[in-house]
Amino acid sequence: MSHEYIPEIATDRDGNEYEVQGWQDDFYGGKLGFWLFMFTEVMMFGAMFLALTYYKTLHPEDFLAASHHLNRLLGGTNTVILLISALTMGLGLLKMRAGDVKGAKLMIWATIILAALFLSIKGVEWREEYEGGIFLNYGKLLPGSDFPFGEKIFYGLYFTMTGLHGVHIIIGIGLMLWLLKRINAGKVTTDHHIFYWNIALYWDIVHLIWVFVFPYFYMIGGGYVVGGAVHGH
Amino acid sequence: MGTKTTVNYQVEKKRYYNVLVGLLLLTTLTFVQPYVFQAGTFTAQMFIAVVKAWLILMYYMHLKGEKLIGSMTIFALSLVTIFFVIVIAIDVTHFQFADESYITSGSLGSEMDISAHTTHGGE
Amino acid sequence: MSKTYFDETHCAIGHPKSTFMQWMLTIDHKRIGLMYAAVMFTFFFVAVSMGFLMRLELFAPGQQFIDGHTFNQTFTLHGVIMIFIFIVPGIPAIFGNSVMPLMIGAKDVSFPRLNWANFWLYVAGCIVALSSLWGPNGFADTGWTFYAPYSLTTNTTVLPLLIAAFMLGMSSILTGLNFIVTIHRLRAPGMTFFKMPLFVWGIYATGWIQLLATPVVGITLILAIMEKYFGIGIFDPAKGGDPVLFEHLFWIYSHPAVYLMILPAFGVMSEIIPTFSRKEIFGYRTVALSSASIAGIGYLVWGHHLFTSGMADIAKTVFSFLTFFVAIPTGIKFYDWVATMYGAKIVLSTPMLWALGTMITFVIGGLTGVTITMIGVDIHLQDTYYTVAHFHYAMLGGVVFLMFAGMHYWFPLLTGKMYNEKHAKIAFYLNFVGFNMLWFPMFIAGYLGMPRRYFDYLPEFQIYHQISFFGAVIFITGLIYMFVVLYKGWRHGEPSGTNPWHATTLEWHLQSSPPPLENHTKVPYVDFNPYEYKHGEPVVKFDYDTMKRID
Numbered sequence: 068m069s070h071e072y073i074p075e076i077a078t079d080r081d082g083n084e085y086e087v088q089g090w091q092d093d094f095y096g097g098k099l100g101f102w103l104f105m106f107t108e109v110m111m112f113g114a115m116f117l118a119l120t121y122y123k124t125l126h127p128e129d130f131l132a133a134s135h136h137l138n139r140l141l142g143g144t145n146t147v148i149l150l151i152s153a154l155t156m157g158l159g160l161l162k163m164r165a166g167d168v169k170g171a172k173l174m175i176w177a178t179i180i181l182a183a184l185f186l187s188i189k190g191v192e193w194r195e196e197y198e199g200g201i202f203l204n205y206g207k208l209l210p211g212s213d214f215p216f217g218e219k220i221f222y223g224l225y226f227t228m229t230g231l232h233g234v235h236i237i238i239g240i241g242l243m244l245w246l247l248k249r250i251n252a253g254k255v256t257t258d259h260h261i262f263y264w265n266i267a268l269y270w271d272i273v274h275l276i277w278v279f280v281f282p283y284f285y286m287i288g289g290g291y292v293v294g295g296a297v298h299g300h
Numbered sequence: 022m023g024t025k026t027t028v029n030y031q032v033e034k035k036r037y038y039n040v041l042v043g044l045l046l047l048t049t050l051t052f053v054q055p056y057v058f059q060a061g062t063f064t065a066q067m068f069i070a071v072v073k074a075w076l077i078l079m080y081y082m083h084l085k086g087e088k089l090i091g092s093m094t095i096f097a098l099s100l101v102t103i104f105f106v107i108v109i110a111i112d113v114t115h116f117q118f119a120d121e122s123y124i125t126s127g128s129l130g131s132e133m134d135i136s137a138h139t140t141h142g143g144e
Numbered sequence: 002m003s004k005t006y007f008d009e010t011h012c013a014i015g016h017p018k019s020t021f022m023q024w025m026l027t028i029d030h031k032r033i034g035l036m037y038a039a040v041m042f043t044f045f046f047v048a049v050s051m052g053f054l055m056r057l058e059l060f061a062p063g064q065q066f067i068d069g070h071t072f073n074q075t076f077t078l079h080g081v082i083m084i085f086i087f088i089v090p091g092i093p094a095i096f097g098n099s100v101m102p103l104m105i106g107a108k109d110v111s112f113p114r115l116n117w118a119n120f121w122l123y124v125a126g127c128i129v130a131l132s133s134l135w136g137p138n139g140f141a142d143t144g145w146t147f148y149a150p151y152s153l154t155t156n157t158t159v160l161p162l163l164i165a166a167f168m169l170g171m172s173s174i175l176t177g178l179n180f181i182v183t184i185h186r187l188r189a190p191g192m193t194f195f196k197m198p199l200f201v202w203g204i205y206a207t208g209w210i211q212l213l214a215t216p217v218v219g220i221t222l223i224l225a226i227m228e229k230y231f232g233i234g235i236f237d238p239a240k241g242g243d244p245v246l247f248e249h250l251f252w253i254y255s256h257p258a259v260y261l262m263i264l265p266a267f268g269v270m271s272e273i274i275p276t277f278s279r280k281e282i283f284g285y286r287t288v289a290l291s292s293a294s295i296a297g298i299g300y301l302v303w304g305h306h307l308f309t310s311g312m313a314d315i316a317k318t319v320f321s322f323l324t325f326f327v328a329i330p331t332g333i334k335f336y337d338w339v340a341t342m343y344g345a346k347i348v349l350s351t352p353m354l355w356a357l358g359t360m361i362t363f364v365i366g367g368l369t370g371v372t373i374t375m376i377g378v379d380i381h382l383q384d385t386y387y388t389v390a391h392f393h394y395a396m397l398g399g400v401v402f403l404m405f406a407g408m409h410y411w412f413p414l415l416t417g418k419m420y421n422e423k424h425a426k427i428a429f430y431l432n433f434v435g436f437n438m439l440w441f442p443m444f445i446a447g448y449l450g451m452p453r454r455y456f457d458y459l460p461e462f463q464i465y466h467q468i469s470f471f472g473a474v475i476f477i478t479g480l481i482y483m484f485v486v487l488y489k490g491w492r493h494g495e496p497s498g499t500n501p502w503h504a505t506t507l508e509w510h511l512q513s514s515p516p517p518l519e520n521h522t523k524v525p526y527v528d529f530n531p532y533e534y535k536h537g538e539p540v541v542k543f544d545y546d547t548m549k550r551i552d
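Residue numbers (the numbering used here), protein chains in the order written: chain A, 68 to 300; chain B, 22 to 144; chain C, 2 to 552.
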């Protein structure tokens, strides 16, 4: 809000005065609220990782084989892209707090471009899988195929989790565009940047989720020798 | 109110880059690890991920020095851990019907009668 | 304080002139609470009539009015409305909104516009849920639990329900988030956590369950949708998926959810007991901390819903063991309440009557819960009327009874009027007798083997079903009677004054009743405990213009 908020004063019986925290202009409250919201993200992805681990326990070999098949080069590139985008986001906020609005805006644009790049690479990956006959409700993932159970579920969750992560990236891009609009409108300023702060936090949690998604899907079967184990058991 | 904190731009910026270097090193480690040793890949990978997550939480998300939010984070994370301990370590690891259940049979499902095997609890 | 355009209108968008639009767009927590109440009780009566339809059908063995498929849809509609639309938002949405900020001396909740958006998200969720009624193959027949794999294979309209449950869950999460931040940030100066009224403790503990458990069911519903329409395989045995995983994920939320329902209800009880005993509550800290520990332990016990689902034996044992622990903090609360009443000159007003009635019904509900915690007993009683009766004694006889108690307790605060005490008491007795007659026979029927969710039964169970039916008639009469009494009180009641119950907590120290837009004229400094009585009179008195203590 653009108006000036003047906190109320409460007085105790000895005449000491205490400033009352109102719901207006509560930077810490806004931050706390957003952290709490991020816990819900953690629980959501936590539950999906729980499902993933559930089936990893039941079909350990299938999981390694399926993981081995994923494209580590593209996945790794995406990891680095997201890592750098976390830096640009953080630096942008830093510039904003230091008073450099123009630099902050540049950094946000950089983050948006990196995010779009991430999504494109993700798209290429999915396309590759599709052409290899692996996609939701398609080819090897259909109930009738003789693909081992463990691999079916691995890919089912792979598409679900990377897909949901992608949705978070898209939401992130939308939020950043909104942020740019708010900065241009003078509603997010060097003094009043809780909105920016929280979007930066959001981008970090998106990155954080990827930090676990990446090794769990791409790397656990990294050194797995194909044919070294019989599929299924 | 608390918004008007001044920042030391250069110092903070340096910290961001230091953490970036750390994260990149850890990412490299992620790639090298499976080719160095294979047994325990999963544990090693998850360990690296946890270290990376810790760096991001502490420095990029500014959790360092946040007492209240920090303890709330610990509470939420320990809850997830407990879910894992109960569901994975206590329940699935001791799955009792691996030999007779359809879902762990590993056989090809197409020709089998599925309805008779809907849950592994059926005796 | 400088008044601004935004402060004066108290609307989320713009500055509407009409009263109707002012209500629709309001960010005032009291109005939002009342709007929640209006929507919830409308749906409550829809669900009650579904319940009555089932009782009618079960009056005699064989098919009477509806066939088996319709019966399945009926109990699904009953369950979905009662759980997702009525009792989960329940007390937090109504009283947490309208009373909690007053209790801590705040002007509003921390994010008032989020609160407004939540209400409309909730309404949208209700509409989506009902839209399923007109779906291509009729309303879902899965039961409110949506167990896989049946919910994935049924051709009835499940999708809108899953989406609606997700939306309602989202609204619940954000409400809980809002309350946690409010309680952390907006307490009046001097009010430490251990000076908060106990209802606020209940809301706080509930907020954490809403926040951390609801996302799990949210994602479970999304995964179920993904399974149904994209075939990801994790709940579908045809692809090697394990339906037990669905039950795990579902109950990780849905079991804490019952504590989410009961904790604010216990909070209401902890307000009413000291007020009408005119005594400080016995063991304030233990009551407060037992709320927190119920919330904590409540996260760890979901597996007792899976005793017959094929979990590992060791997991069953662990869950059974952990579940017993919930009884401990609950027991502490009950002993504290009883000890508060000991030696007190109890004022038997209607709210106190409801609270005392709940003590009986909830103890029955709670202790029968302990019996089915034991694995052996549970294998016998799972999915029988015994469990149905246990659940309704705990939820209806616990949560909803206390919600009614709260309604009678805060009625003069929120309307400024008083209902007719005599008629309100008659309504209570009707409800209490009807309730017990309706559900107690089910314990016996269930023990003898009457399975739940059946629309037909063996002739030897007829007597229990018929007693239940007459209980239901009395109970529903009582409900209607109660709402008529409250409605009449609201329209034609005597002005109640600001503090009719001689209560001590901050929401009763206002200059007018119903409370004005910005609550207290000035925020008071809190240097007293929430329930200070001396010789049966409140100790703390305020000058309502300056909010300074004058005792």
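Ideal placement from N, C-alpha and C gives every residue a C-beta, glycine not left out.
It should be emphasised that the depicted structure is a prediction, and the values quoted were computed from it without experimental measurement.
- Residue state for C/P413 is assigned as helix, using DSSP reduced to three classes.
- As the crow flies, the alpha-carbon of A/G96 is around 16 Å from that of A/D258.
- Listed along the chain, the chain B residues whose CB falls inside 8 Å of the CB of A/W102 are I90, M93, T94.
- Each of C/K489, C/G106, C/A214 was checked against the Cα of A/T107, and the nearest Cα belongs to C/A214.
- In the structure shown, C/A189 falls within a coil segment according to DSSP collapsed to helix, strand and coil.
- A direct Cα-Cα distance of roughly 10 Å separates A/G142 from A/M286.
- Nearest Cα to A/L231 within the set C/A118, C/W491, C/M227: C/M227.
- Between B/Q59 and A/G290 a beta carbon distance of about 5 Å is seen, short of the 8 Å cut, so the two are scored as contacting.
- By the Cβ neighbour-count rule, C/I33 is buried, with 16 or more other Cβ atoms within 10 Å of its own.
- Ranked by Cα distance from C/Y37, the first of C/V49, C/A94, C/G52 is C/A94.
- Between C/A107 and C/L175, the gap from beta carbon to beta carbon reaches 8 Å or more.
- Shown here, B/F116 sits in coil according to DSSP, grouped into three states, outside any helix or strand.
- Judged by DSSP in its simplified three-state form, C/F529 adopts coil rather than helix or strand.
- Counting along the chain, no beta strand (DSSP E) covers B/E121, and no H or E run does either.
- A Cβ-Cβ separation of about 3 Å places C/T158 in contact with C/G136 under the 8 Å criterion.
- Within 7 Å of the CB of A/G223, the CB atoms of chain C belong to I233, G234, I235, in sequence order along the chain.
- Following the DSSP letters along the chain, one finds B/Y81 in no beta strand (DSSP E), marked with neither H nor E.
- Contact between C/A165 and C/G126 holds: their C-beta atoms lie close to 5 Å from each other, under 8 Å.
- For the pair of segments examined, the stretch 82-97 of chain C was found not to touch the stretch 54-65 of chain C: the number of CB pairs separated by less than 8 Å stays below three.
- C/I298 and A/K219 have their C-alpha atoms roughly 36 Å apart.
- In this structure, the beta-carbon distance from B/L44 to B/K88 does not fall below 8 Å.
- For A/I220, the enclosing alpha helix (DSSP H) covers residues 216-251.
- Here A/I151 has L181 as same chain residues with Cβ atoms under 8 Å from its own Cβ, once five neighbours each way along the sequence are excluded.
- For C/P452, the three-state secondary structure derived from DSSP is strand.
- Among the CB atoms of chain C, none fall inside 8 Å of the CB of A/W264.
- Rounded to whole angstroms, the separation of the alpha carbons of A/R249 and C/K334 is 50 Å.
- Interface criterion not met: the Cβ of C/M197 is under 8 Å from no Cβ in chain B.
- Between A/G157 and B/Y38, the C-beta spacing is not below 8 Å.
- Leaving aside the five residues that flank C/N156 on each side, the residues in its chain whose CB is nearer than 7 Å to its CB run, in chain order, N138.
- Taking a Cβ-Cβ threshold of 8 Å, the residues of chain A close to C/K240 are L208, P210, F216, K219, I220, G223, in chain order.
- In the DSSP assignment, the residues bridged to C/T385 are C/P452.
- For the set C/Y420, C/V527, C/K549, C/M483, the Cα lying nearest the Cα of C/G498 is the one of C/Y420.
- Put simply, of C/F444, C/Y488, C/I181 the residue whose alpha carbon is nearest the alpha carbon of C/A425 is C/Y488.
- Contact with chain A is absent for B/I103, since none of that chain's Cβ atoms lies less than 8 Å from the residue's Cβ.
- For C/P496, the three-state secondary structure derived from DSSP is strand.
- Chain B has a Cβ within less than 8 Å of the Cβ of C/L213.
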